[in-house]
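For the sequence shown, the working numbering begins at 41 and goes up steadily by one. For each residue, glycine too, the CB sits at the ideal point set by N, CA and C.
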Amino acid sequence: MKTLMVLRHAKSSWDHPDLGDFDRPLNSRGRKNAPLVGREMRARGYHPEIVVASPAARAKATAELVLDASGFDADLSFEPRIYEASLSSLLYLVSGFDDVYQSILIVGHNPGFEGLVAALSGEYRRMATAALAVIDLEVEYWNDADQGCGVLRDHILPRALDV
41 MKTLMVLRHA KSSWDHPDLG DFDRPLNSRG RKNAPLVGRE MRARGYHPEI
91 VVASPAARAK ATAELVLDAS GFDADLSFEP RIYEASLSSL LYLVSGFDDV
141 YQSILIVGHN PGFEGLVAAL SGEYRRMATA ALAVIDLEVE YWNDADQGCG
191 VLRDHILPRA LDV
């Protein structure tokens with residue numbers, strides 16, 4: 041079995057209209073929620089072996105803040121194909137992961153991530169900013185990951201953690 045953790049980037053800033061979408065940074069809420077999710081991942085025992093993130097500024101910052109707050113010793117890589125990816129592109133990406141990894145965290149964007157969670161698990165979950173879905177894939181090899189092969193184990197929303 042493989043575990044895929046799907047994390048939408050934290051809340052981004054719209055304060056600089058001159059910046060393109062790719063370069064938008066996190067706002068203060070995003071900088072607060074990303075570490076909150078990282079600490080919750082550690083508390084619940086969700087430890088990715090590798091983190092694969094979109095290189096867009098808000099996704100990159102989210103991944104870095106989650107890793108810092110969680111204390112995970114996981115490699116971080118950036119995958120341009122995640123930015124603006126369709127469902128089929130995301131499924132193709134997941135099916136190409138190296139089988140040396142049992143658990144992978146991907147960090148990216150909607151609407152692709154909502155579609156990916158629904159396609160893999162058969163369950164729709166709103167992927168608000170900084171939302172995390174944990175999906176157990178009933179496959180031995182990433183190459184076998186396809187629609188309906190997973191079970192949604194958890195869905196974490198940062199607003200539920202912020203007490």
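Between the CA atoms of Val140 and Val91 - distance to the nearest angstrom: 14 Å
6 Å Cβ shell around Glu119 - same chain, five flanking residues per side excluded: Val92
Starting from Thr102, trace the alpha helix (DSSP H) in both directions and tell me its first and last residue. Ala97 to Ser110
Do you know whose CA, among Asp186, His149 and Glu80, lies nearest Ala97's CA? His149
Assumed close pair Thr102, Leu66 - CB separation to whole angstroms, cut-off 8 Å: 7 Å
Compare the Cα-Cα distances from Arg82 to each of Ala114, Ser129 and Val179 and report the closest residue. Ala114
CA-to-CA distance, Gly188 to Val174, given in whole angstroms: 14 Å
In the DSSP assignment, the alpha helix (DSSP H) including Ser68 goes from what residue to what residue? Ser68 to Arg84
Go ahead and pull the three-state DSSP assignment for Gln190. Note that residue 190 corresponds to Gly in the displayed sequence, not to Gln. Three-state DSSP puts Gly190 in a strand.
Does the beta-carbon of His56 have 16 or more other beta-carbons within 10 angstroms, so that it is buried, or is it exposed? exposed
Alpha carbon to alpha carbon, how far is Leu172 from Asp194? Give it in angstroms, no decimals. 8 Å
Judging by CA-CA distance, which residue of Arg69, Gly78 and Ala99 is the nearest neighbour of Arg48? Ala99
For Val134, which residues from the same chain have a beta carbon less than 7 Å from its beta carbon, with the 5 sequence-adjacent residues on both sides left out? Leu44, Trp182 and Ala185
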